[in-house]
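**Student:** Be aware that the first sequence starts at 212, since it is given in my numbering, and climbs by one per residue. Every residue gets a Cβ at the ideal spot worked out from N, C-alpha and C, and that includes glycine. Supplied in structure tokens, the structure appears directly below.
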Amino acid sequence: MNPERCRTVHATLEAAYGPQGWWPAQTPFEVMVGAVLTQNTAWTNVERALERLTGRIELTAEAILALDEAALADALRPCGYFNIKARRLRTFCQGFLAGGGLAGLAALDTPGLRRHLLDIPGVGPETADDILLYAFERPVFVVDAYTRRVFARLGLLRGDEGYETVRAAFETALGADVPLFNAYHALIVRHGKEVCRTRPRCQTCCLSAGCPAAAVT
DNA sequence: TACCAGGAGAAAA
DNA sequence: TTTTCTCATGGT
């Protein structure tokens, strides 16, 4: 990843869309719950599920674990995959408490915290990195499907690289910069929603004249 | 009607 | 080891 072009893409997206103010949550724990619920799911549906859940219980690991799995799944119904997500959310809460809760996890260094999160069934690389960056403010770049799609179209990625390869490429190009990582990932998602989603199978939208990112090519 | 969404894990090849 | 399948509601 060419560092200069990597920064140019960010500047171009920021100029096009402005600050995104991520993550849309009130507390670090809400970030974590949202990160699990948003797996392969539109955020608007996650919001519905969070509203249903917080309408029934306090949003704490203890309260979630006190709810039986069927009741939890019912609350999560609007965000899809509700049976799987109920199980994953309960498992996550167990891992959260086993790690000493917010304070215990915050005391871990970033590699240790990442390992702990990845050891929790249902937490993959992207979910772990969402949590690291947006809940714990650690300098970890979040890679998602939009990142691959946009940067492949820009010719900055092949598109078939492994998760860790892409993450390392961004972190090397940009240096450890939490506010930048926070803003950049949010802008990529915004761009994906605004442009790529309108033409999901289009391979060239980021190269077209109407695309905000076209200026970097 | 068909496709996709801020993935992850199990099963099959 | 790599690819394919499953999970599921809601918006476009």
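Which word fits R267, buried or exposed, when buried means at least 16 other C-beta atoms lie within 10 angstroms of its C-beta?
**Tutor:** Result: exposed.
**Student:** Between Y228, A314, R218, which has its C-alpha nearest G403's C-alpha?
**Tutor:** Selected option, being the one with the closest Cα: Y228.
**Student:** Under three-state DSSP, which class holds G315?
**Tutor:** Here G315 sits in helix by DSSP.
**Student:** Three-state secondary structure (DSSP) at T271?
**Tutor:** Three-state result, T271: coil.
**Student:** For the region 264-308, which segments carrying the beta strand (DSSP E) assignment without a break, of at least 3 residues, lie completely within its bounds, in sequence order?
**Tutor:** Those beta strand (DSSP E) runs which fall completely within the region 264-308 and span 3+ residues do not exist here.
**Student:** Pull up the CB-CB distance for T302 and P332, whole angstroms please, since I reckon it's below 8 angstroms.
**Tutor:** So it is a contact: roughly 5 angstroms between Cβ atoms.
**Student:** So for I399, helix, strand or coil by DSSP?
**Tutor:** Here I399 sits in helix by DSSP.
**Student:** With DSSP run on the structure shown, which of helix, strand or coil describes A387?
**Tutor:** In this structure, A387 counts as coil in the three-state DSSP scheme.
**Student:** Could you pull the start and end residues of the alpha helix (DSSP H) that G245 belongs to?
**Tutor:** Here the alpha helix (DSSP H) through G245 covers 239-248.
**Student:** Leaving out the 5 sequence neighbours to the left and right, which residues in its chain are closer than 6 angstroms to M243 when beta-carbon positions are compared?
**Tutor:** Closer than 6 angstroms at the Cβ level, and outside the excluded window around M243, lie I342, A346.
**Student:** When you compare the CB positions of R218 and A260, do they come within less than 9 angstroms of one another, or not?
**Tutor:** Their beta carbons are not under 9 angstroms apart, which means R218 does not touch A260 by this criterion.
**Student:** CA-CA distance, E280 and N251?
**Tutor:** Approximately 21 angstroms between the Cα atoms of the pair.
**Student:** Given L278, which residues of its chain have a CB within under 7 angstroms of its CB, disregarding the five upstream and five downstream residues?
**Tutor:** Hits under 7 angstroms: I268.
**Student:** For the region 389-401 against the region 220-240, do three or more pairs of beta-carbon atoms, one drawn from each stretch, fall closer than 8 angstroms, so that the two count as touching?
**Tutor:** Result yes; three or more Cβ-Cβ pairs closer than 8 angstroms.
**Student:** Quick one, are the C-beta atoms of T321 and L270 less than 9 angstroms apart?
**Tutor:** Taking 9 angstroms as the Cβ cut-off, T321 and L270 do not qualify as a contacting pair.
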